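As you go down the protein sequences, you meet chains A and B in turn.
So in the working numbering, the last one in the first sequence is 166, and the numbering has no gaps at all.
So in the working numbering, the last one in the second sequence is 166, and the numbering has no gaps at all.
Every residue gets a Cβ at the ideal spot worked out from N, C-alpha and C, and that includes glycine.
No experiment lies behind these values; they were computed from the predicted model shown.
To start, the structure under review is shown below, and the notes come after it.
There are 2 protein chains.
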Amino acid sequence: MVPRTDPLTLEVVELIGTVVARYHEEYEEAAAEHSLTGAQARVLGLLSHEPMPMRRIAQRLKCEPSNVTGIVDRLEARGLVERRPDPADRRVKLAAPTDEGRGTAARLRDSLHFAREPLAGLSEAERTSLRDLLRRMLGTD
Amino acid sequence: MVPRTDPLTLEVVELIGTVVARYHEEYEEAAAEHSLTGAQARVLGLLSHEPMPMRRIAQRLKCEPSNVTGIVDRLEARGLVERRPDPADRRVKLAAPTDEGRGTAARLRDSLHFAREPLAGLSEAERTSLRDLLRRMLGTD
DNA sequence: CAGATGTTTCATGTTGTCAAGTAACTGGGT
DNA sequence: ACCCAGTTACTTGACAACATGAAACATCTG
């Protein structure tokens with residue numbers, strides 16, 4: 026019943042685990058530099074692309090909507106995000122970044138060095154190859 | 026000031042973000058199947074390799090030692106882990122998995138499908154290539 | 001003995017779930 | 001057109017887990 030996993034696959038899995046760990050570390054660190062928690066940074070990053078209803082944020086974060094209420098509350102209290110009515114549906118509240126929120130999101134993105142610097146060590150051909158392999162792994166092809 | 030990032034690199038970074046998200050999802054899901062939280066599963070996994078002092082667990086998890094106290098408390102309350110004195114230093118408590126804890130850890134590892142199934146779609150040459158690229162990215166070479 | 005180290009406890013804040021409540025939309029049936 | 005039942009969006013409240021920081025305690029080290 027135990028799936029047979031050859032050493033090569035195991036090594037790749039372990040490498041991915043390391044990538045995941047490092048990515049998280051750097052993400053939290055970058056968020057902390059802007060006095061944000063990881064969850065707050067993720068939401069702000071989402072909203073900086075486009076405003077969206079609370080419900081949609083919850084779907085993206087894969088958590089309960091009631092949880093999003095609190096996170097947006099805290100972002101709103103700090104003036105980084107605001108709630109707007111949705112003209113098409115009065116039940117809906119659209120969360121949108123303020124100007125300051127947009128600025129913070131941009132600075133946050135820039136301080137997210139991960140994978141950008143390490144990737145610089147790879148040639149363009151290698152990066153293309155890495156992209157294709159990751160795509161296939163994720164079934165994004 | 027903004028580091029120039031070509032579209033290819035950006036895409037790779039985004040793909041890695043997706044990998045990270047999916048990895049976490051599956052990890053939490055696998056943990057939940059055994060009625061564990063993510064943090065508890067991580068600690069149990071750590072200890073299943075070898076017992077270690079609380080302090081070391083905190084270093085591995087990159088959190089405060091006082092946090093580990095609570096996580097190990099909950100694992101101990103469920104009979105998955107026990108605290109033993111360290112014969113060499115009476116201040117230290119070694120956390121070690123019980124037999125049941127070892128079993129749970131093993132079942133947990135087996136239910137961690139991530140990357141194993143997706144990787145099956147790659148040929149051996151491709152997996153080797155992916156391994157080498159990840160190694161170089163991580164500076165593990 | 002003085003200082004450093006390992007663990008716990010306490011206070012506090014954030015994230016997460018679930019259940020209940022309110023407001024607003026939707027699709028019948030009359 | 002109207003109303004009503006059911007659904008959907010969001011919030012609130014209770015509660016558990018996770019996380020930090022400060023303070024307490026026992027123990028080690030020089």
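CB contact flag (residue i, residue j, <9 Å)
i       : j       : result
L133(B) : V37(A)  : no
L100(A) : L137(A) : no
R152(B) : L163(A) : no
L159(B) : I41(A)  : yes
P90(B)  : M77(B)  : no
R127(A) : S73(A)  : yes
L144(A) : T34(B)  : yes
V44(B)  : V44(A)  : yes
R161(A) : G146(B) : yes
R103(B) : L86(B)  : no
Interface flag, residue i vs chain A, CB-CB below 9 Å
i       : result
T153(B) : yes
T129(B) : no
L133(B) : no
E36(B)  : yes
E89(B)  : no
L122(B) : Looking at the sequence shown, residue 122(B) is not Leu but Pro. Not one chain A Cβ lies under 9 Å of P122(B).
L158(B) : yes
Residue i - partner residues in DSSP beta bridges
i       : result
D114(B) : D111(B)
M79(A)  : DSSP lists no partner for M79(A).
P122(A) : V106(A)
Close beta carbons around residue i, own chain, < 6 Å, minus the five adjacent residues each side
i       : result
R109(A) : L119, A121
D111(A) : V117, L119
V93(A)  : M79, I82, A83
A64(B)  : I96
E53(A)  : G63
Min CB distance residue i to chain B below 9 Å
i       : result
G146(A) : yes
E101(A) : no
L105(A) : no
E149(A) : yes
G164(A) : yes
V27(A)  : Unreliable positioning characterises V27(A) in this predicted model, as indicated by a pLDDT of 49, which lies under 50. The coordinate reading is nonetheless provided below. Yes, V27(A) lies at the interface with chain B (some Cβ there is under 9 Å from its Cβ).
Proximal residues to residue i (C-beta, below 8 Å), its chain only, five neighbours per side dropped
i       : result
E39(B)  : none
A131(A) : S73
C88(B)  : none
Contacts around residue i, its chain only, beta-carbon distance under 7 Å, and the 5 residues preceding and following it disregarded
i       : result
V27(A)  : Confidence at V27(A) is low in this model, with a pLDDT of 49, below 50, so its placement is unreliable and the value that follows should be read with caution. Same-chain partners within the cutoff: there are none.
L105(B) : L69, P122, T123, E125, G126, T129
E58(B)  : S136
A55(A)  : L133, S136, L137
E107(B) : E101, A121, T123
**Q.** Residues in the region 62-81 of chain B having any Cβ partner in chain A nearer than 9 Å
**A.** Those would be none; no residue qualifies.
Q.
What are the residues in the region 38-59 of chain B lying within 8 Å of chain A by C-beta distance?
A. Answer set for the region 38-59 of chain B: V38, L40, I41, G42, T43, V44, V45, R47, Y48, H49, E50.
Q) Which residues, in chain order, does the region 108-120 of chain B contribute to contact with chain A at a C-beta distance below 9 Å? A) Of all residues in the region 108-120 of chain B, none comes within less than 9 Å of chain A when Cβ atoms are compared.
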